[in-house]
Amino acid sequence: MPFNSATGTFAEGLLAPRRSDATPWLTWYSQSGERIELSGKVFDNWVAKSANLLGECFDLEQESLIVLDLPSHWKSLVLGLAVLHHGATLLDADDDQAANATLWITQDPNDQRIPGSSEILAVNPAAMALSFGADLGPVAEDYNANVRTYGDQFYPSAVSGETTALRNSAGNALSLAELFAPEVNALGTILVRADIPVLQLLPYAVAQWKAGDSIVLVEAQMEVSDRLRQGEKISHDYVPAV
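Residues in the sequence shown are numbered consecutively from 590, following the working numbering.
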């Protein structure tokens, strides 16, 4: 599906070409020993379920302000693309517009920074967690407990390419058209260390996924062995720009 700088279903254009693909799209390694491999098909399924949850629970719409207060992780990348399916805008928790956010997606639903006017989606990053498993507070929705109950397909509406897709802690603001437009060379399987903010990682990941690459995301501070590199057939390491 081609990208359109005026209107389009931008996340759909990224996901659709590999929707039936059984090869790895994203592989996650944690320090606790988790290895989670998501094919293009499985990753798209998680994005669709998450987008359906966001739409039905929180009425996301174009230009809604959404704080994504999670570390770089396979679930935060899934949720980032699910938000963008709706044409909403992703913000860091320290953004000057965070106080106006309609939804905070967070590991800490009792964070004192969350404004009283904002709805809350609580996320436990553990792969096998079937519920948030801690104090949700009085208003938060439990992502882990609910996401699997939503539909496996999401049918996005066209949104304006001029809509702001994200503003990150590096001070970069990208429209939907800008985020999904870059054409880059394929690199193969890319090792990414999850020690950078998710909204800084997302533009890079989108560009490389669009090129057909696979990403291996390893938790911050985790030692990457030669055996892991060989087993995953790592061809390139992502080095964030300073």
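For every residue, glycine included, the Cβ atom is placed at its ideal position computed from N, Cα and C.
Cβ distance (whole Å) where residue i is taken to contact residue j below 8 Å
{"i": "Ala711", "j": "Leu725", "result": "5 Å"}
{"i": "Leu657", "j": "Ala600", "result": "Not quite, the Cβ-Cβ distance comes to about 14 Å (not below 8 Å), so this is no contact."}
{"i": "Leu680", "j": "Ala687", "result": "6 Å"}
{"i": "Ile694", "j": "Leu659", "result": "6 Å"}
{"i": "Ala723", "j": "Glu623", "result": "That belief does not hold up - the Cβ atoms of Ala723 and Glu623 are roughly 19 Å apart, past 8 Å."}
{"i": "Trp663", "j": "Ile625", "result": "6 Å"}
{"i": "Gln620", "j": "Gln810", "result": "7 Å"}
Burial state of residue i (16 or more Cβ within 10 Å)
{"i": "Glu652", "result": "exposed"}
{"i": "Asp826", "result": "exposed"}
{"i": "Asn761", "result": "exposed"}
{"i": "Arg816", "result": "exposed"}
{"i": "Ser814", "result": "exposed"}
{"i": "Ala830", "result": "exposed"}
{"i": "Asp731", "result": "buried"}
{"i": "Gly820", "result": "exposed"}
{"i": "Ala729", "result": "buried"}
{"i": "Gly705", "result": "exposed"}
{"i": "Pro727", "result": "exposed"}
{"i": "Met590", "result": "Confidence is the limiting factor: at Met590 the pLDDT is only 39, short of 50, which leaves the residue's position unreliable, though a coordinate-based value still follows. So Met590 counts as exposed."}
{"i": "Thr753", "result": "buried"}
{"i": "Ser707", "result": "buried"}
{"i": "Ala690", "result": "buried"}
{"i": "Ala671", "result": "buried"}
{"i": "Asp633", "result": "buried"}
{"i": "Asp685", "result": "exposed"}
{"i": "Asp648", "result": "exposed"}
C-beta contact flag for residue i and residue j at 8 Å
{"i": "His675", "j": "Leu643", "result": "yes"}
{"i": "Trp614", "j": "Arg608", "result": "no"}
{"i": "Ala734", "j": "Leu719", "result": "yes"}
{"i": "Asn774", "j": "Ala747", "result": "no"}
{"i": "Phe721", "j": "Ala640", "result": "no"}
{"i": "Thr596", "j": "Pro745", "result": "no"}
{"i": "Val787", "j": "Leu666", "result": "yes"}
{"i": "Ala637", "j": "Gly740", "result": "yes"}
{"i": "Ser661", "j": "Leu806", "result": "yes"}
{"i": "Gln701", "j": "Pro714", "result": "no"}
When the options are compared against residue i, the one with the closest alpha-carbon
{"i": "Trp617", "options": "Glu808, Ser609, His825 and Asp815", "result": "Glu808"}
{"i": "Val631", "options": "Leu649, Gly777 and Leu604", "result": "Leu604"}
{"i": "Ile823", "options": "Val736, Thr738, Met717 and Gly777", "result": "Gly777"}
{"i": "Asp683", "options": "Val828, Ile804, Asn757 and Val773", "result": "Asn757"}
{"i": "Ser749", "options": "Val773, Ala677, Asn713 and Cys646", "result": "Ala677"}
{"i": "Arg818", "options": "Trp798, Arg782 and Pro829", "result": "Arg782"}
{"i": "Leu780", "options": "Ala671, Glu812, Gly740 and Leu668", "result": "Glu812"}
{"i": "Leu627", "options": "Pro786, Ile785 and Ile804", "result": "Ile804"}
{"i": "Leu668", "options": "Glu772, Val795, Glu650 and Trp635", "result": "Trp635"}
{"i": "Glu772", "options": "Val795, Glu751 and Ala759", "result": "Val795"}
- prompt: Taking contact to mean at least 3 C-beta pairs separated by less than 8 Å, is the segment 757-772 in contact with the segment 785-793?
  reply: With a cut-off of 8 Å, the segment 785-793 and the segment 757-772 count as touching, because enough Cβ pairs lie within range.
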